[in-house]
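Enquirer: If you count the sequence shown from 1, position 20 lands on 20 in UniProt numbering, and the numbers rise without skipping.
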Amino acid sequence: MRAKAGQAMAGSTPEQVLARLELLAHLLDTAILLPGNRRIGLDAIVGLIPVIGDVITTAISSYIVWEARRLGAPRWLIARMAANVAIDGVVGAVPLVGDLFDAAFKANRRNVQLLRRHLERSGGLKPSVIDVTATRLD
């Protein structure tokens, strides 16, 4: 059974699903603070294990795309998110250079941001930022 657009399955609201995905993206891309105020995540660390590390992190990154599809994201958005995962997986598989790329590219954070923006614009999620103009009342 597939969820309708903007609706999650198994009793989870889009807000709950997105919160889980944001936590996962944080763990994978930015959970560890390095000296010099640089952030990396488990993606860069697990990616140091030749071949199997990149397979594992690509599979976990694909889960975010799968959840986006369950939330009713359009095909063009799924394709863009899948491309981010593919780029991260393919380039990440190159020894050393790929590990540096994994630390910088942050495909999971990009994908969750794309999904959040889509859900906010389509009305499936309340905006996280309120856009207003202030007026002085003197």
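We put the beta carbon where it would ideally sit given N, CA and C, even for glycine.
Bear in mind that the values here come from a model prediction, so they are computed numbers and not experimental data.
Do you know offhand how far Ile45's Cα is from Leu137's?
Expert: 54 Å
Enquirer: Would you kindly work out how many angstroms separate the C-alpha atoms of Ala107 and Leu28, rounded to a whole number?
Expert: Distance from the CA of Ala107 to the CA of Leu28, rounded to the nearest whole angstrom, comes to 9 Å.
Enquirer: Could you give the distance in angstroms between the alpha-carbon of Lys126 and the alpha-carbon of Ile60?
Expert: Computed Cα separation, rounded: 26 Å.
Enquirer: Three Cβ pairs or more, each shorter than 8 Å: is that satisfied between the segment 29-45 and the segment 68-78?
Expert: Output reads no: the segment 68-78 does not touch the segment 29-45.
Enquirer: List, from N- to C-terminal side, the alpha helix (DSSP H) runs of 4 residues or more that fit wholly inside the segment 43-125.
Expert: 52-70, 75-92, 97-105 and 107-122
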